[in-house]
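Shown next, in structure tokens, is the structure this report addresses.
Residue numbers (my numbering): 14 to 1205.
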């Protein structure tokens, strides 16, 4: 008779489930119901079991029964050990009996799946020995009928779940035991699966022929379930066993049938990815894979023939199936070509089929084939085959003359003929088009169905990789094909592209040309060096011909000038080895620059200004690629620049870009040349930058910048000066090959820092002051509006990249003699403030990376005042930039003897303010759902949702940047004296003699800061708070600092530090694991918990007290945990024990750990949907013999 108490409990739980699932109920009611269900799951184990078993009975609704099964699964996975052995065995038998209760034909699939999953979970938790006892019952059950057989197939499918899906709950020994047990059972499981496939496939066909459609449907469902189970073993079971027990043949026999072919194809995709074993089964593996090649190639050939002869008859389902087959072929060819490499005919046929897919109109098929060719061309053997091709002979005779034995020795590379490379290059160049740029072509250029696998930029990047790889192996063929493509696209030099389609084709072809040139003339030049002289001459002639064709083009339309500039840029690597053409290219670039007139006040001339800047940028890119080839032409370029500037045909921003090209070229000539060029470029700037007159006029009082912004010409002159300082620092670094033994004091910019930095610091300080309360209140309306966020910044925060590209400000093109070319004065000032601030920050940060010369060239106190004086008035977006561009480099590069005056003066005001500001903002976000930030986002009336998104983004960005400072402080270079755990001893009780914290003050920045208690407290508070804010990225950056604290607490005798680590930090880490956002970093956090407990418990009982304060822990649990720790020296196993204890002690409330497990919990698997087009009811009317053994 049913226990009334258990029945009442079941009723209460059922009511709670119904309330939790009823979205029409009040939120508080649902929350209360969920809380009650969680309390039941963490309550008495036997009450949970009896209640759940009652809930899975048929008298309840499907929703309640499903939840009952979920509760049973939770019990088995997380609380199984709380049962005694007798109870576990009784529970196992009971779950098997549940199979018969859900075996009815009208039972829902979800309930069947959950029942099978529960049985499999019991087997995995109890051990494989119970499977041997249950197996006869399982076989007997499978013989009862199709529904029972389907459930058996589901059980078999779930059994290896912990093998195929990584699950940290399952310790290594148990996983190995499960794998060993299932492997030993394969001789029983695989024949059973084959039997289910064959028996029920035959029955399905027979019943369908007899028009017993309902019965046929049940048998077909069993075949599908058996295929799902087979696929679960295909991932790990030995391939020879899969072949031996007929599963490869069986699944191949199902490929012609619409109902089963996608599931059967999944099987082949799994085994095609398997790697060749190194044991005695290697030959059997090769034989199985050889059969798989034949099976897939046979199916593929049928599709390709139909695609050629009658493509209009191919429907979406056939394309879907072809894509699945091709995925398997790609996996097979990428991993196991060695299995057929000895068969010349089969290998050639396979490559031919993959080439046909690469040529296919359908983008999804081409895309899959692209992945294969990428993998094939990347094999190391390919780069060596170039030397054998006599410089890339365009005939195929060099390939066909290779003997089979030679082909076997050289691998697949010997089969990649010149014709194959030509086709690959032709198709790649044709498809090198912008998304949706051209319609009505013979190729499908893109499909939204591929968006889930790769976006268009990734696809085009892979196309470029194919072009580069092919070009590096067959340079002469690549040169020939790209020249032919250029001739087709550009036609004669007088032709002017008129339509958008023509322009798109011309623009896209440049990418292909650039890829070919970069690959042929790469740093090693291996592909060219291995050529004979005749081939080298031919290669030179082809590229020189293309270049001369480009030099004759007379385009003056700004958009076309930009494209032509990109074409000329492409020849940078070519000019490095053939410098005779440099003068022609330089002259052409100046010709393009001067053919576009300067329009200062015309708002419609944005395209022209952009084109001029782009041409100047082309000088930089060619300088980078051509290396020393431009050195002989520097004087001529300088003379031309001087002439254009004197004639008013060169704007200041354009002049800066050309000077940057000078710096790039000079850097290739060595340090003396760099210093000479830099001095020549900086001398005129120093005369304008250093005088005190302008500094006193604009930077000496609170409203000086307001006056500066009214002088547009001088304002933009200041901006361009600062940005050139930035470029000089970026471009004048000593190149690595020449930098060995060169001190940082020899950096070319070092001598100029004393005059560059002081005015800059005054300028930055004045910009910061605009946001301070006294100044901000008295600014005019124009200045107040200019301080708000620009539309580009807003779009960036919202991730609206299209708006960023279309609305990007023209700061770089603004010049001293105009009001930012047609833009409002407010926008001018906004752009100037942002550009000058960011570039100024960069100048300081880059200067700091030089090291000691920077710190000796300024007064550190003035640096701290300039940057920190108005920190409390700064907006989050500005503070983030200040930290990222300035503070992190300053901290990382500060000499040890300046830590006291530099780092302390920086970090104390920063962290003191950030702790208050971030704490306030995070409290708003976590408690009220909206971050409270000080940033002026501009006028966004009616866009409250976007405002909330931007505010949260600003908060998270600043939080992460603050944590980056913590990471920098804890970086190895600044903590060389910090001992490792290995040095401290492998386990507790094994520590060396403890040291004073003071002994680390000169070898560890973390140790140094801890000695300054006033400065350290804000850092420690932020670190604790970060662990309880919901930002995994910030926590990740803070972990190194946490680890440094733990190491110091272990290595020193500092009682306060040890108390902080064992109590505050240990508790905060455990609390941090309660947030699902920290799932990604949970392993690191568990490692910290383990280190604290293992290494510090003998010195301080606080870690034990912290654990005992957790809500669900018992004294015996802690004792068992400590006993387990003492029995292993493995950090991994100790961490697993810590994880298990924390899950138990918190009642599984640590969401960071539960979230990680949830990805591994049992889930239902259904047929994969490849596209939104659904098939009509599957037909099984195909003619042919019945029975798997008879089908071939």
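Backbone N, C-alpha and C define an ideal beta-carbon position, used for all residues, glycine too.
query, result
"Name the DSSP beta bridge partners of residue 1065, please?", "1008"
"Where residue 299 and residue 206 are concerned, what is the direct C-alpha to C-alpha distance, given to the nearest angstrom?", "23 Å"
"Should residue 374 be labelled buried (16 or more other beta-carbon atoms within 10 Å of its own) or exposed?", "exposed"
"Hey, residue 784 and residue 699 are a contact pair by Cβ (cut 8 Å); roughly how many whole angstroms apart?", "The Cβ separation is near 30 Å, so there is no contact."
"Helix, strand or coil: how does DSSP classify residue 1076 here?", "helix"
"Using DSSP with H/G/I as helix, E/B as strand and the rest coil, what is residue 399?", "Its pLDDT being 38, under 50, residue 399 is placed unreliably by the model, and nothing is read from it."
"How many Å lie between residue 1084 and residue 1031 at the Cα?", "20 Å"
"Using a Cβ-Cβ cut-off of 6 Å (strictly less than) and excluding sequence neighbours within five positions of residue 437, which residues of its own chain qualify?", "483"
"Within 10 angstroms of its Cβ, does residue 863 collect 16 or more other Cβ (buried), or is it exposed?", "buried"
"Can you name, in chain order, every residue of its own chain whose Cβ lies under 8 Å from the Cβ of residue 960, other than the five neighbours on each side?", "950, 953"
"Tell me whether the region 319–332 and the region 279–287 touch, counting them as touching only if at least three CB pairs, one residue from each stretch, are closer than 8 Å.", "no"
"Given this structure, state the Cα-to-Cα distance separating residue 738 from residue 1026, to the nearest angstrom.", "38 Å"
"Count the CB pairs spanning the region 988–998 and the region 840–853 that are closer than 8 Å, and state whether there are at least three.", "no"
"Look at residue 1047 and residue 1039 and say whether their C-beta atoms are less than 7 Å apart.", "yes"
"My understanding is that residue 878 touches residue 778, with C-beta atoms under 8 Å, so please give their C-beta distance in whole angstroms.", "7 Å"
"Grab the span of the alpha helix (DSSP H) containing residue 313 for me, first residue to last.", "295–322"
"What's the C-alpha gap between residue 1098 and residue 976?", "16 Å"
"Using beta-carbon positions only, say whether residue 971 and residue 889 come within less than 7 Å of one another.", "yes"
"For residue 83, count neighbouring Cβ atoms within 10 angstroms of its own Cβ and tell me buried if that reaches 16, exposed if not.", "buried"
"Are the Cβ atoms of residue 854 and residue 898 separated by less than 7 Å?", "yes"
"Straight-line CA distance for residue 548 to residue 531?", "18 Å"
"Can you name the start and end residues of the alpha helix (DSSP H) that residue 717 belongs to?", "717–722"
"Below 8 Å, can you find three or more Cβ-Cβ pairs linking the region 1111–1129 to the region 1153–1163?", "yes"
"Which residue spans inside the region 602–661 form an unbroken alpha helix (DSSP H) run of at least 4?", "619–639, 647–659"
"Which full runs of the alpha helix (DSSP H) of 4+ residues lie inside the region 99–172, going along the chain?", "122–139, 142–155, 159–171"
"Count the CB pairs spanning the region 245–255 and the region 208–217 that are closer than 8 Å, and state whether there are at least three.", "no"
"Less than 7 Å between C-beta atoms, sequence neighbours within five positions excluded: which residues of the same chain meet that for residue 481?", "528, 531, 532"
"Does DSSP classify residue 697 as helix, strand or coil?", "helix"
"My parser needs the alpha helix (DSSP H) runs of 4 or more residues fully inside the region 243–292; what are they?", "252–257, 260–267, 274–285"
"Would you report the Cα separation of residue 988 and residue 1016, rounded to the nearest angstrom?", "6 Å"
"According to DSSP, is residue 1134 part of a helix, a strand, or is it coil?", "helix"
"Just mark residue 541 as buried or exposed, buried being the case when its beta carbon has 16 or more other beta carbons within 10 Å.", "buried"
"In whole angstroms, give me the CA-to-CA distance for residue 471 and residue 379.", "14 Å"
"Starting from the C-beta of residue 945, find all residues in its chain whose C-beta is less than 7 Å away, skip the five residues before and the five after it, and write them out in chain order.", "933, 934, 937"
"Check this for me: beta carbons of residue 6 and residue 650, under 7 Å apart or not?", "The structure shown does not extend to residue 6, since the chain is modelled only from 14 through 1205, so no value can be given for it."
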